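In the numbering used here, the protein residues as written are 696 to 803.
Please read the structure below before turning to the comments.
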Ligand SMILES: [Zn+2]
């Protein structure tokens, strides 16, 4: 009877992240659309370095969003990948796919 507590963790996703999940999915769909557009520009005209660069940046953002959604499923979303401390909510609102807190230097 007292062992029930230990099994709760794995099956209860944090409901607080629901709006962030929606934001991530919306942002991802937007990035995919923009990237498709950018790539179509590189196909139909003379290879456009600006469009290619934009497509590459968008792909990176899509990958960051996917990683954030994976972390959400794994239950590690909202924690800095580098130091493990909680990422401030206001940072996640601006950049829901942020993988690190404001203190840790970003790889980019
Ligand atoms: Zn950190």
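Quick reminder that beta carbons are idealized off the backbone N, C-alpha and C, glycines included.
From a predicted model like this one, the values you see are computed outputs, not experimental measurements.
In this structure, residue 726 has its CB at a distance of at least 7 angstroms from all heavy atoms of ligand 1.
By the Cβ neighbour-count rule, residue 798 is exposed, with fewer than 16 other Cβ atoms within 10 Å of its own. Of the candidates 723, 711, 738 and 713, the residue whose Cα lies closest to the Cα of residue 762 is 723.
The C-alpha of residue 758 lies about 10 angstroms from the C-alpha of residue 764.
The C-alpha of residue 742 lies about 42 angstroms from the C-alpha of residue 770. When distances are taken from the beta-carbon of residue 757 to the heavy atoms of ligand 1, even the shortest one reaches 7 angstroms or more. The stretch 705-749 contains, as complete alpha helix (DSSP H) runs of 4+ residues, the segments 713-739 (chain order). Assigned with DSSP and collapsed to three states, residue 793 falls in coil, not helix or strand.
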